[in-house]
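Residue numbers (my numbering), protein chains in the order written: chain Y, 58 to 367; chain R, 245 to 476.
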């Protein structure tokens, strides 16, 4: 049976991908555009009411347009700026820690030794745990009163009492960095390992014949070959770190005071605790802008300069 | 914040005025409370991680450790501590209680159920609300279950007279004292204000700063008052 309609190759291709494009528009673009719209409006569901669209039985409020007022408001708020500097510290420390630990793990797991397949499987356990579980697990390990780690140190006579990891804000922030790195480094290791395994063994053999030692082979062969993976790992780690919320929720709730409040936490609180969706989405869109900016920087630093000349 | 309010009330200080404005900066009792808390924290009378616990329940549980001189409990935890041998080595025992010190006035917290302004099935929703939070069929069914199962305090004095509840509570709590204490509870109208949720969260950070000595008590209390003004 024929439909009797002749389509060009381009239009036929478009027809085939149209369902996927429509689905992406509905589940990705539409919420993005709506949240962007919210960031330019006055939305406090505790105070405002107004016109709304009824979509499939769901009431979608249309709020009052206030232009850049939400963005001006957050840039005037000292808490936003202190949260931003804290976020940048968190992101920097996390990207460094997760990347280095992941790379180290991958280097070890790339070597041949007994039990390697088992260790590769075990490696994924921290990454596969829900972050709420990760948080609760680390509370159990680090707690001042009941923590296993404090118990271990005490039983080994290394400390007199217990260490209060969450007493001081800076210490609590660093605990967050390390716990998140513990959770995410295995994924980085997995990507690095995949990259290492795609490097030809012949190249290493040739380098060995030429007298290159382990670190020379790592510096001149492994690392350059891993640049696309390094780019991917750093971009993913950066975006994940910027948006990390669940561990803060479980471990510190942004405290003591605001000492572990990041921009993501501030945006979440503004939107979902104070019900101010306008300023809340505006805060979170500044994170999106930062993520995009940093991705471009990474691209220039890691990838672009190593692309082959045309 | 509930603990702060309890301590303020017991010091004879008001936290809110009749218009629900925060007035702790004008109350010497609030300053005394904060100075006492600063001292407790500084001298290690409370768990040093008390400020990062994610809920007031966690904070109260920390005090159960019994290592610290300063100890406080929600009264309804007593059911677990004193009345449940499967959960507590102290049980079964009738808890020794004391009235809250000072004026004896405390903050009492109860859940409230509210209807949305756009509630569609209004009659049914109102019926459900009265069933959950009131006395729909004249038998106090839900309130009675809360008392019997969880040992919750209750805003309805009738509950403390109910024979089934008297019999249950009598096993683990000094009911006479609990009844007396409940008469000293304060109603906090500010809870109904739309700014309260934001105030509660943001005020907590200021209170943390005061406790840690990052800001002086008078300055911190002024910040609490101006925070409320900025949100109202």
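Think of the CB as a built atom: it goes at the ideal place given N, C-alpha and C, for glycine as much as any other residue.
Considering only Y:250, Y:235, Y:354, Y:183, the residue with the shortest C-alpha distance to residue 165 of chain Y is Y:250. Cβ neighbours of residue 292 of chain Y within its own chain (closer than 7 angstroms, five residues either side excluded): 352, 355. Under the 8 angstroms Cβ criterion, the stretch 140-149 of chain Y counts as touching the stretch 309-325 of chain Y, having at least three qualifying pairs.
Going by DSSP, residue 111 of chain Y is part of the beta strand (DSSP E) stretching over 109-112.
For residue 261 of chain Y against residue 93 of chain Y, the beta-carbon gap comes to about 49 angstroms, at or over 8 angstroms, which does not count as contact. In chain order, 248 place their CB closer than 7 angstroms to the CB of residue 289 of chain Y, counting only its own chain and leaving out the 5 sequence neighbours on each side.
Contact check between the stretch 325-341 of chain Y and the stretch 267-274 of chain Y: fewer than three CB pairs, one atom from each, fall below 8 angstroms, which does not count as touching. With a cut-off of 8 angstroms on Cβ pairs, the stretch 437-448 of chain R is in contact with the stretch 462-471 of chain R, counting three or more such pairs.
Counting along the chain, residue 70 of chain Y sits inside the alpha helix (DSSP H) bounded by residues 66-81.
Looking at R:249, R:263, R:250, the one whose alpha-carbon comes closest to that of residue 436 of chain R is R:263. Per DSSP, the beta-bridge partners of residue 430 of chain R are R:351. Apart from sequence neighbours up to five positions away, the residues of its chain that approach residue 136 of chain Y with a beta-carbon distance below 8 angstroms are 315, 318, 323, ordered along the chain.
Listed along the chain, the chain R residues whose CB falls inside 7 angstroms of the CB of residue 315 of chain Y are 449. Within 9 angstroms of the CB of residue 312 of chain Y, the CB atoms of chain R belong to 295, 296, 297, 298, 448, 449, 452, in sequence order along the chain. Among the residues facing chain Y, residue 286 of chain R is not included, as its CB has no counterpart in that chain under 9 angstroms away. In this structure, residue 123 of chain Y lies near residue 99 of chain Y, with their beta-carbon atoms less than 9 angstroms apart. Distances from the CA of residue 356 of chain R to each of R:400, R:347, R:348, R:349 were compared; the closest alpha carbon is that of R:400. Across the stretch 421-445 of chain R, CB contacts with chain Y closer than 7 angstroms involve 438, 441, 442, 445, in sequence order along the chain. Check the Cα spacing between residue 281 of chain R and each of R:460, R:466, R:476: the tightest is with R:460.
Chain-ordered, the chain R residues with CB closer than 7 angstroms to the CB of residue 221 of chain Y read 292, 293.
Runs of the alpha helix (DSSP H) lying entirely within the stretch 243-271 of chain Y, each at least 4 residues long, are 258-266 in chain order.
Near chain R, meaning a CB-to-CB distance below 9 angstroms, no residue of the stretch 78-90 of chain Y qualifies. For the pair residue 430 of chain R and residue 349 of chain R, the CB atoms are nearer than the 9 angstroms cut-off.
The beta carbon of residue 191 of chain Y sits closer than 6 angstroms to those of 240, all from its chain and outside the five residues before and after it, given in chain order. In the assembly as shown, residue 74 of chain Y is an exposed residue. Its beta-carbon has fewer than 16 other beta-carbons within 10 Å. For residue 205 of chain Y, the closest Cβ of chain R is not nearer than 9 angstroms. If you draw a 10 Å sphere on the C-beta of residue 352 of chain R, you find 16 or more other C-beta atoms in it, and that means buried. Exclusion of the five residues before and after residue 395 of chain R leaves 320, 323 as the residues of its chain whose Cβ lies within less than 6 angstroms of its Cβ. Restricting attention to alpha helix (DSSP H) runs no shorter than 4 residues, the stretch 301-329 of chain Y encloses them at 303-308, 320-329, ordered along the chain. In the three-state DSSP reduction, residue 333 of chain Y falls in the strand class (E or B). Out of Y:284, Y:339, Y:196, Y:144, the CA that lies nearest to the CA of residue 220 of chain Y is found in Y:196. Contacts between residue 331 of chain Y and chain R, judged by CB atoms closer than 8 angstroms, involve 441, 442, 445 in chain order. Selection Y:181, Y:286, Y:161 evaluated against residue 255 of chain Y yields Y:286 as nearest (Cα-Cα). At a Cβ-Cβ threshold of 9 angstroms, residue 255 of chain R and residue 465 of chain R do not count as neighbours.
In terms of beta-carbon proximity, residue 458 of chain R lines the interface with chain Y, with at least one pair separated by less than 9 angstroms.
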